[in-house]
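Residue numbering for the sequence shown follows this note's numbering, beginning at 12 and increasing consecutively. For every residue, glycine included, the Cβ atom is placed at its ideal position computed from N, Cα and C. Reading through the structure tokens given below for one structure.
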Amino acid sequence: MTSTLAPPSRLTLQEFADRERVSLSTVRTWVSNGVAPVSYRMNKRRVFDLSDVAQWEANLKASAR
């Protein structure tokens, strides 16, 4: 029996930093200043929903035009 894993629907702080090509400290600053996408704590880790990240990126792209 073959099972396939669903793609992750959440990103950790480090995964988000890697995706945005910024440092972890930059992401922490964005979170503190309310600039980052909505995040929440899950099992003592801050995570971002991938859908929130995609919407945040779309908003940044639209505002850059």
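CB-CB length for S20 against L61, believed under 8 angstroms: By 1-based counting over the sequence shown, the position of residue 20 is 9. By 1-based counting over the sequence shown, the position of residue 61 is 50. So it is a contact: roughly 5 angstroms between Cβ atoms.
Just checking my contact of R52 with V42 at CB under 8 angstroms: how many whole Å lie between their CB atoms? Here residue 52 is taken as the residue at index 41 of the sequence shown, counted from 1. Here residue 42 is taken as the residue at index 31 of the sequence shown, counted from 1. So it is not a contact: roughly 11 angstroms between Cβ atoms.
What does the Cβ neighbour count give for A73, buried or exposed, with the cut at 16 atoms within 10 Å? Taking the first residue of the sequence shown as position 1, residue 73 is located at position 62. So A73 counts as exposed.
Assuming contact is defined by CB atoms lying nearer than 8 angstroms, are D29 and V49 in contact in what I supplied? Taking the first residue of the sequence shown as position 1, residue 29 is located at position 18. Taking the first residue of the sequence shown as position 1, residue 49 is located at position 38. Going by C-beta atoms, D29 is not nearer than 8 angstroms to V49.
Whole angstroms is fine: what's the gap from L24's alpha carbon to G45's? Within the sequence shown, residue 24 is the residue found at index 13, counting from 1. Within the sequence shown, residue 45 is the residue found at index 34, counting from 1. Going by the C-alpha atoms only, they are around 14 angstroms apart.
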